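What follows is a short report on a single structure.
Number of protein chains: 2
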Amino acid sequence: MAAQKPTLPKGTRDFGPADVQKRKHILNAIEKVFKKYGFMPLETPTMENLSTLEGKYGEEGDKLLFRILDSGDYLKSLKEHNDKILSDESQDATFAPSVSGKLIDLDSKAATKFISEKGLRYDLTVPFARYVVMHRNEITFPFKRYQMQPVWRADRPQKGRYREFWQCDADVVGVVGSDSLLNELDLIQIYDEAFTKLGIINYEIRINNRKVLAGIAEVVKSIDVMNNIAVAIDKLDKIGEDGVRKELGEQGFSDEELNTLFGIITIKGENKEILNQLKDKLKSSHEGLKGIEELEFILTSNPKPNINLTLDFSLARGLSYYTGCIFEVTSNDGTLKSSIGGGGRYDNLTGIFGLPNVSGVGISFGLDRIYDVMEELKLFPAQLRATSTQVLFCHFDEATLLYCLPALKLLRDAGIAAEVFPDNKKLGKQLDYANALQIPFAAIAGETEMQQQVFTVKNLITGEQQTCTIQTLIGLVGQ
Amino acid sequence: MAAQKPTLPKGTRDFGPADVQKRKHILNAIEKVFKKYGFMPLETPTMENLSTLEGKYGEEGDKLLFRILDSGDYLKSLKEHNDKILSDESQDATFAPSVSGKLIDLDSKAATKFISEKGLRYDLTVPFARYVVMHRNEITFPFKRYQMQPVWRADRPQKGRYREFWQCDADVVGVVGSDSLLNELDLIQIYDEAFTKLGIINYEIRINNRKVLAGIAEVVKSIDVMNNIAVAIDKLDKIGEDGVRKELGEQGFSDEELNTLFGIITIKGENKEILNQLKDKLKSSHEGLKGIEELEFILTSNPKPNINLTLDFSLARGLSYYTGCIFEVTSNDGTLKSSIGGGGRYDNLTGIFGLPNVSGVGISFGLDRIYDVMEELKLFPAQLRATSTQVLFCHFDEATLLYCLPALKLLRDAGIAAEVFPDNKKLGKQLDYANALQIPFAAIAGETEMQQQVFTVKNLITGEQQTCTIQTLIGLVGQ
């Protein structure tokens, strides 16, 4: 077979040793915090039935699903369907060849359901909902689960957007115990602990409440237009105030209504101060005042007052299933403007799968964007190395190589990562290998060392050199 | 939308909290050993181009690939191809509708290349080879990489066989330093350390050498029939000696040749003894003697003589790319007869992608089968719990709940995983939650405790109860 120049699918990436270590550094930090707050791990399969995925992410989301071609003779049922249509003249011949015999009427979208029944996980929320429904009788509620896995979207790749990327979600759900705003407080502290631990100090959690948005809708026009307002102001960053005014104007909002709307969502000032202003403006809306009360509880009960928690009444988060507090996290340092985390409270996670009354609240971390921010801000610890090896044994010939083996075993038995250069190569070549991999120590065995049962140990960072017995070496490295 | 009863795709599984903890227990043990032996992590994307995957796993493997349907109007190029054929009468009209206008000539296999260009990772070796070729100029050789990721095969699900399963691979490759048999020794010790750590004590590493198989072929008939012999005796377990004799007989092997073959591969006894017998039988084969020498080096240099290393000249491992030592690991306890690990030495990993001279040796652990063995043999540590939470704070009303919050924060600040039951429910309900999750301590706050600034701490395993300040509690749990 002719040699091929291999490539990767668009929007996917390899992670070499140094990359994996950095990504694990992030994942471990987040996971440690999740566990400390009582969340338990869940993993779901990469493939889900399309019946589970479709219709959950809107029309745009359905387009972005990666679908798996059925195995075997996958065209069989499409052909059967086609034959059936041909034999039934009354039906629309969607899949029928045109009179010329060409297949021009074959429609990709309509054909899909005949040749594909599985798709790749698009997010972690829908599989979580499916899991809760399938295992409702084994689960102890409130169920606090975390999930850290890749998801796939056939999106146009661009800065901060990949076709395979990782989400790290934590949710509390259940009929019992999940309504408490203490959950929101915990989730905010999880964000703070994780980002602080990672060195992303200058981050900002913007917070709003869907009930406040409902109150705004009520005051502006009527509570029914809450979703129209949410969808429009969600694009404020991209299309600006003029764009939002235009979009809502086309939906029948008057200039006066829009002035009221922007008068509210652009209130500026200290959290406490703007909550008071809002309370006044929404005084006629029961729902709105309930939302303000929730926000007030969170702001006053937050046990870490230095958390950068900013009220933002223009924060909407597009997804219509949110019903209470909503969050979005951005880094104020660096060039990435997209959010590195987000979440909120929802009332009906599992209704679509036939299980009512499962409410909850959750947050998500975007691993790949956090990675990009940390890389740009140089926040990865200098001591993160691609290899874990602490000591490379170097030698000059067969005899000295064999002399290294029992020492190598002793080091490993002591739990120290070590290796021996496996071939007889010049010492320089062996040290090149150690330096390239940033291995901190070389234990060199020549004729003399072998006779004296020692090693010449070189610290490859400082250049210092000393003669050591194997026990001294273990003490030196094990420090 | 009507409620759906959700299901999972065939051969895939969810892993709930307790399962994930068990799987992580295995993965962590293996990873720790990989790192101690100087291997570095690599992760490759879930999707690979089909041009990378196809033709690498034999015809059977190609059938088992999961293929991704192209995005957008994926039928377009199929239709274009069809139109082209229709306008060119001289060509075979593979995709043309029959005269009746039906699509009966549309062939699934032939259509695939027009509608799918990506597939799911089938193993970790081909993506690794692709990575090495694409990054050859950045890699320091010998390159010792490990990779622990899921792979997908559209196989018929059965015991020990899933459609999504995890492999944990470690390989040493390169032009420099990868030829040394020290690598084989390290890999054997990795198997031993990992399985011992996991409690799979009664495991067996069967070992053979492809050069020995070549020598056997030479002695039996001719070195050219090595692959025929390897392919046939690979099925010895399934089809027995009679089946192998029949298969090779049909390929022109005489009874005498088959007697010679079985006289060799069924030699029984101590490793040393059977190597001596083999040496005599293969004395006319230079290649065979080289293989014996390699096996002898490994057996005599193995620094842990208690490793259960068994010579098995009938071990062939079907894949034709092996060229030296080959391994296969099975558990002698439990009912799973399939291998839980395997590997070997190969000469030309990356040739198919245009990079010659990359040789190496590697092993693989099968996570899911190891899990099944450990579950059957009850080898998971009793202290593995689904949650990490050590302390659940319990309360009786709003006031006592709020009293718990600063204490909860102090525990978490001390690095202790803790949570507060987030709603006002009866104490019994709160303790049920703690017991169901096997949380070891409940810190109960009533009116009296609040007044005295203490907690009643109940050890939920022993039932013991004591009154503690928060500092005493931290000391108690942090032990």
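Those protein sequences? They're chains A and B, same order as listed.
Under the working numbering, the first residue of the first sequence is numbered 1, with each subsequent residue one higher.
Under the working numbering, the first residue of the second sequence is numbered 1, with each subsequent residue one higher.
By construction, the Cβ of each residue, glycine as well, lies at the ideal position given by its N, Cα and C atoms.
Bear in mind the structure is a predicted one, so any value in this text is a computation, not a measurement.
In angstroms with no decimal places, state the Cα-to-Cα distance between residue i and residue j.
{"i": "B/Gly-55", "j": "B/Tyr-321", "result": "13 Å"}
{"i": "A/Thr-44", "j": "B/Asp-372", "result": "18 Å"}
{"i": "B/Arg-161", "j": "B/Asp-155", "result": "8 Å"}
{"i": "B/Gly-252", "j": "B/Glu-60", "result": "25 Å"}
{"i": "A/Leu-187", "j": "B/Cys-325", "result": "53 Å"}
{"i": "B/Lys-79", "j": "A/Lys-76", "result": "17 Å"}
{"i": "B/Asn-228", "j": "B/Leu-261", "result": "12 Å"}
{"i": "B/Glu-449", "j": "A/Gly-11", "result": "57 Å"}
{"i": "B/Asp-423", "j": "A/Pro-303", "result": "18 Å"}
{"i": "B/Gln-466", "j": "A/Val-173", "result": "32 Å"}
{"i": "A/Ile-363", "j": "A/Ile-30", "result": "12 Å"}
{"i": "B/Ala-111", "j": "A/Ile-115", "result": "12 Å"}
{"i": "B/Met-47", "j": "B/Gly-478", "result": "44 Å"}
{"i": "A/Ala-434", "j": "B/Arg-153", "result": "39 Å"}
{"i": "A/Phe-365", "j": "A/Leu-27", "result": "10 Å"}
{"i": "A/Asp-14", "j": "B/Arg-130", "result": "10 Å"}
{"i": "A/Gln-21", "j": "A/Ala-386", "result": "6 Å"}
Evaluate residue i with the Cβ neighbour count: other Cβ atoms within 10 Å of its Cβ, from every protein chain shown; 16 or more gives buried, anything less gives exposed.
{"i": "B/Asn-259", "result": "exposed"}
{"i": "A/Asp-280", "result": "exposed"}
{"i": "B/Gln-453", "result": "exposed"}
{"i": "A/Val-175", "result": "exposed"}
{"i": "B/Ile-201", "result": "exposed"}
{"i": "A/Thr-52", "result": "buried"}
{"i": "A/Thr-7", "result": "exposed"}
{"i": "A/Leu-379", "result": "buried"}
{"i": "A/Asp-368", "result": "buried"}
{"i": "B/Glu-218", "result": "buried"}
{"i": "B/Thr-400", "result": "buried"}
Specify the secondary structure class of residue i as computed by DSSP and reduced to three states.
{"i": "B/Ser-314", "result": "coil"}
{"i": "A/Lys-22", "result": "helix"}
{"i": "B/Ser-320", "result": "coil"}
{"i": "B/Gly-366", "result": "strand"}
{"i": "B/Tyr-487", "result": "Any answer about residue 487 of chain B is impossible in this case: the structure gives chain B only from 1 up to 479."}
{"i": "A/Leu-299", "result": "helix"}
{"i": "A/Gly-351", "result": "helix"}
{"i": "B/Ala-93", "result": "Low confidence applies here, because B/Ala-93 scores a pLDDT of 48, under 50, leaving its location unreliable; read the following figure in that light. Residue state, collapsed to three classes: coil."}
{"i": "A/Ile-444", "result": "strand"}
{"i": "A/Gly-343", "result": "strand"}
{"i": "B/Ile-30", "result": "helix"}
First and last residue of the alpha helix (DSSP H) that includes residue i?
{"i": "A/Ala-386", "result": "Counting along the chain, A/Ala-386 falls outside any alpha helix (DSSP H), and DSSP gives it neither H nor E."}
{"i": "B/Ala-231", "result": "The sequence shown places Val at residue 231 of chain B, not Ala. Counting along the chain, the alpha helix (DSSP H) containing B/Val-231 begins and ends at 226-233."}
{"i": "A/Gln-456", "result": "A small correction: the amino acid at residue 456 of chain A is Thr; Gln does not occupy that position in the sequence shown. Note, A/Thr-456: premise wrong, no alpha helix (DSSP H); beta strand (DSSP E) at 455-459."}
{"i": "A/Ile-307", "result": "Segment: none, A/Ile-307 is in no alpha helix (DSSP H) and carries neither H nor E."}
{"i": "B/Met-190", "result": "It should be noted that the sequence gives Ile, not Met, for residue 190 of chain B. That run of the alpha helix (DSSP H) goes 182-198."}
Residue i: which of the options sits nearest, CA to CA?
{"i": "B/Lys-458", "options": "B/Gln-451, B/Ala-445, B/Ala-111", "result": "B/Ala-445"}
{"i": "A/Gly-16", "options": "B/Ala-386, B/Val-132, B/Lys-337, B/Ser-284", "result": "B/Val-132"}
{"i": "B/Ile-267", "options": "B/Lys-118, B/Ser-314, B/Glu-449, B/His-81", "result": "B/Ser-314"}
{"i": "B/Ser-482", "options": "B/Lys-10, B/Glu-184, B/Leu-336", "result": "The structure shown does not extend to residue 482 of chain B, since chain B spans only 1 to 479, so no value can be given for it."}
{"i": "A/Ser-388", "options": "B/Thr-7, B/His-25, B/Lys-32", "result": "B/Lys-32"}
{"i": "A/Leu-128", "options": "A/Met-148, A/Asn-209, A/Ala-111, A/Thr-462", "result": "Position check: residue 128 of chain A holds Phe in this sequence, whereas Leu was assumed. Of the listed residues, the one whose Cα sits closest to A/Phe-128 is A/Met-148."}
{"i": "A/Thr-462", "options": "A/Ser-108, A/Ile-474, A/Gln-438", "result": "A/Gln-438"}
{"i": "B/Phe-66", "options": "A/Lys-63, A/Ile-340, A/Gly-72, A/Asp-62", "result": "A/Gly-72"}
{"i": "B/Asp-179", "options": "B/Glu-241, B/Gly-360, B/Lys-246, B/Thr-469", "result": "B/Gly-360"}
{"i": "A/Asp-171", "options": "A/Gly-343, A/Asp-70, A/Gly-263", "result": "A/Gly-343"}
{"i": "B/Leu-384", "options": "A/Asn-28, A/Ile-26, A/Met-40", "result": "A/Met-40"}
{"i": "B/Glu-464", "options": "B/Lys-426, B/Gly-475, B/Ala-442", "result": "B/Ala-442"}
{"i": "B/Phe-327", "options": "B/Leu-411, B/Asp-234, B/Thr-456", "result": "B/Asp-234"}
How far does the beta strand (DSSP E) with residue i in it extend, from its first residue to its last?
{"i": "B/Lys-118", "result": "118-120"}
{"i": "B/Lys-144", "result": "143-152"}
{"i": "A/Ala-414", "result": "Segment: none, A/Ala-414 is in no beta strand (DSSP E) and carries neither H nor E."}
{"i": "B/Val-173", "result": "164-174"}
{"i": "B/Gln-465", "result": "465-468"}
{"i": "B/Phe-262", "result": "Where B/Phe-262 is concerned, there is no enclosing beta strand (DSSP E), although the alpha helix (DSSP H) it sits in stretches over 255-265."}
{"i": "B/Glu-48", "result": "47-49"}
Measuring from the CB of residue i, is there a heavy atom of the ligand NAP at a distance below 7 Å?
{"i": "A/Cys-325", "result": "You won't find the ligand NAP in this model; it holds no ligand whatsoever."}
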